[in-house]
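Q:
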Ligand SMILES: NC(=O)c1ccc[n+]([C@@H]2O[C@H](COP(=O)([O-])OP(=O)(O)OC[C@H]3O[C@@H](n4cnc5c(N)ncnc54)[C@H](O)[C@@H]3O)[C@@H](O)[C@H]2O)c1
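Numbering (my numbering), first residue to last: 11 to 362.
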């Protein structure tokens, strides 16, 4: 493969949206455009969007070629990889088209809005022999990686309990358009916002056995927000650990994401990208220094770190912690959460 990986973005983002907080970006397609410009060995060659005005404005801003036709863009031999940044319900379709055209792909979260869709994409990746990635930026935070490494090597011992919390705030206006619909968003507080924390649970503790959940739409106009805006799920893991997942978009004025882990030999808490507490029972020399885990102060740090890893992965097959198969458990767990909640809290075994 060429030294430089030429990327194309599909779904450039809609300007001036209310995305639940100040952002310098117009949708996630812009985040990809921005960080592709910062990544060694990567070049943003093209973009595609059904909205020609937004597509052309993006092409001018990031110095790439605009295509209104996705097929035409995929027919370009000098495009090696496609970043799929369209609404969640279109991820599967756009990923499949790119894979069938022989491109490597990056798929924004959620990988797909159904497990069936996820499995179709994974099968096509295998068939076509391309490389593919799902976007879970949390996995790239230094503190999160350090906690995972300590868990994986047994330093924490057996976890007693994990709490994963996504307390976000979105107003009714946010839910105009594709967001808040089952067909295009695939769900609400879990599938859209909480998917990061739900992925974090499956990434840290993969041995989930059962889930019981309740959800409701409590703080939004149901004509706009047809999906859940609040959900609580309890988990039981095969090794005995218990867990709680809480996702809401009613937490005024946005309280962010949080993980608390309490295990037999230690505890850790992560708030956003920052480790806020870390104690080890049997390691007298262990000193928690928050500064060791600080990230560069910027929006979407994880996307920058992800692209740094993805380029060598696409080019040479170097290791990548967001290899596409790893995006499956989060969707399996969300599907089980929804199945349980729809049955009033029935016990469900997720197909993780
Ligand atoms: N990883 C993260 O932190 C993160 C953050 C925000 C959004 N996302 C994900 O990114 C995706 C997009 O979210 P967004 O907020 O940027 O949405 P958005 O609505 O701002 O952007 C979607 C873009 O896709 C375009 N589009 C729609 N249908 C199309 C089609 N058929 N062909 C070509 N273009 C089409 C739209 O015109 C729009 O420009 C969602 O799946 C969302 O979950 C991820």
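We put the CB at the ideal spot given by N, CA and C, even for glycine.
#1: Go ahead and pull the three-state DSSP assignment for residue 314.
#2: Tell me which residues share the same chain as residue 246 and place their Cβ nearer than 7 Å to its Cβ, disregarding the 5 neighbours each side in the sequence.
#3: Label residue 11 either buried or exposed according to how many other C-beta atoms from any shown protein chain fall within 10 Å of its C-beta, with 16 as the threshold for buried.
#4: Contact between the region 222-238 and the region 139-148: three or more CB pairs below 8 Å?
#5: Going by the C-beta, is residue 283 closer than 8 Å to any heavy atom of ligand 1?
#6: Taking contact to mean 3 or more Cβ pairs, one atom from each stretch, closer than 8 Å, check whether the region 201-208 and the region 284-297 are in contact.
#7: Are the region 295-307 and the region 324-338 touching by the rule of at least three beta carbon pairs closer than 8 Å?
#8: What residue from 30, 42, 249, 107 has the CA that sits closest to residue 19's CA?
#9: Which of the three DSSP states, helix, strand or coil, is assigned to residue 356?
#10: Using a threshold of 9 Å, state whether the C-beta atoms of residue 347 and residue 362 are closer than that.
#11: Does DSSP classify residue 245 as helix, strand or coil?
#12: Report yes if the C-beta of residue 124 is less than 8 Å from at least one heavy atom of ligand 1; otherwise report no.
#13: Inspect the beta-carbon positions of residue 15 and residue 91 and report whether they are closer than 9 Å.
#14: Flag this pair as yes or no: are the beta carbons of residue 329 and residue 216 separated by less than 9 Å?
#15: Which partner residues of residue 288 appear in the DSSP bridge assignment?
#16: Using the Cα positions of residue 316 and residue 151, report the straight-line distance between them to the nearest angstrom.
#17: At what residues does the beta strand (DSSP E) containing residue 76 begin and finish?
#18: Using the DSSP secondary-structure output, state which residues sit across from residue 256 in a beta bridge.
#19: Give the C-beta separation of residue 167 and residue 273 to the nearest angstrom, bearing in mind that I take them to be a contact with Cβ-Cβ under 8 Å.
#20: Beta strand (DSSP E) containing residue 112: first to last residue?
#21: Could you tell me whether any Cβ in chain B is nearer than 9 Å to the Cβ of residue 82?
#22: Among the residues of its own chain, which have a CB less than 8 Å from the CB of residue 264, if the five just before and after it don't count?
#23: Alpha carbon to alpha carbon, how far is residue 48 from residue 308?
#24: Taking the Cβ atom as the reference point for each residue, do residue 98 and residue 115 lie within a distance shorter than 9 Å?
#25: Is residue 147 helix, strand or coil by DSSP?
#26: Using the rule of at least 16 other Cβ atoms within 10 Å of the residue's Cβ for burial, across every protein chain shown, is residue 82 buried or exposed?
#27: Which residues mark the beginning and the end of the alpha helix (DSSP H) in which residue 66 is found?
A: The answer reads as follows:
#1: In the chain shown, counting from the first residue as 1, residue 314 sits at position 304. Helix.
#2: Within the chain shown, residue 246 is the residue found at index 236, counting from 1. Answer for residue 246: 219, 220, 252, listed in chain order.
#3: One-based indexing of the chain shown puts residue 11 at position 1. Residue 11 counts as exposed, since fewer than 16 other beta carbons sit within 10 angstroms of its beta carbon.
#4: Segments in contact, no.
#5: Within the chain shown, the letter at position 273 stands for residue 283. The answer is no for residue 283.
#6: no
#7: Between the region 295-307 and the region 324-338 there are fewer than three inter-stretch CB-CB distances shorter than 8 Å, so the stretches are not counted as touching.
#8: Translated into positions along the chain shown, residue 19 becomes position 9. Residue 19 has its Cα closest to that of 42, out of 30, 42, 249, 107.
#9: As a first step, residue 356 must be located in the chain shown, where it is residue number 346. Three-state DSSP puts residue 356 in coil, outside helix and strand.
#10: What you label residue 347 is simply residue 337 of the chain shown in a count that begins at 1. What you label residue 362 is simply residue 352 of the chain shown in a count that begins at 1. Result no, Cβ atoms of residue 347 and residue 362 do not sit closer than 9 Å.
#11: Counting from 1 along the chain shown, the entry for residue 245 is found at position 235. Here residue 245 sits in strand by DSSP.
#12: Locating residue 124 in the chain shown gives position 114, counting from the first residue. No, ligand 1 has no heavy atom inside 8 Å of this Cβ.
#13: Taking the chain shown and counting its residues from 1, the one referred to as residue 15 is at position 5. Taking the chain shown and counting its residues from 1, the one referred to as residue 91 is at position 81. Cβ atoms of residue 15 and residue 91: closer than 9 Å.
#14: Locating residue 329 in the chain shown gives position 319, where the first residue counts as 1. Locating residue 216 in the chain shown gives position 206, where the first residue counts as 1. No, these two residues do not count as a Cβ contact at 9 Å.
#15: Locating residue 288 in the chain shown gives position 278, where the first residue counts as 1. BP columns for residue 288 point to 278.
#16: Here residue 316 is taken as the residue at index 306 of the chain shown, counted from 1. Here residue 151 is taken as the residue at index 141 of the chain shown, counted from 1. Going from the Cα of residue 316 to the Cα of residue 151 covers about 10 Å.
#17: Looking up residue 76 in the chain shown gives position 66. Here the beta strand (DSSP E) through residue 76 covers 75-77.
#18: As a first step, residue 256 is located in the chain shown; it is residue number 246 there, counting from the start. The partner list for residue 256 (beta bridge, DSSP) reads 175, 242.
#19: The residue you call residue 167 lines up with position 157 of the chain shown. The residue you call residue 273 lines up with position 263 of the chain shown. Their Cβ separation, rounded to whole angstroms, is 5 Å, which keeps residue 167 and residue 273 in contact under 8 Å.
#20: Looking up residue 112 in the chain shown gives position 102. Here residue 112 belongs to no beta strand (DSSP E), and DSSP marks it neither H nor E.
#21: Here there is only one protein chain, and chain B is not present.
#22: Taking the chain shown and counting its residues from 1, one reaches residue 264 at position 254. Excluding sequence neighbours, residue 264 sits near 30, 31, 177, 178, 179.
#23: Walking along the chain shown from the start, residue 48 turns up at place 38. Walking along the chain shown from the start, residue 308 turns up at place 298. Each residue's alpha carbon lies about 13 Å from the other.
#24: Residue 98 sits at position 88 when you count from the first residue of the chain shown. Residue 115 sits at position 105 when you count from the first residue of the chain shown. No, Cβ-Cβ distance for residue 98 and residue 115 is not below 9 Å.
#25: Translated into the one-based positions of the chain shown, residue 147 becomes position 137. Reduced to three states, the DSSP call for residue 147 is helix.
#26: The residue labelled residue 82 in the question sits at position 72 within the chain shown. With fewer than 16 Cβ atoms within 10 Å of its Cβ, residue 82 is classed as exposed.
#27: Along the chain shown, read from residue 1 onward, the residue named residue 66 stands at position 56. Note, residue 66: alpha helix (DSSP H), 62-72.
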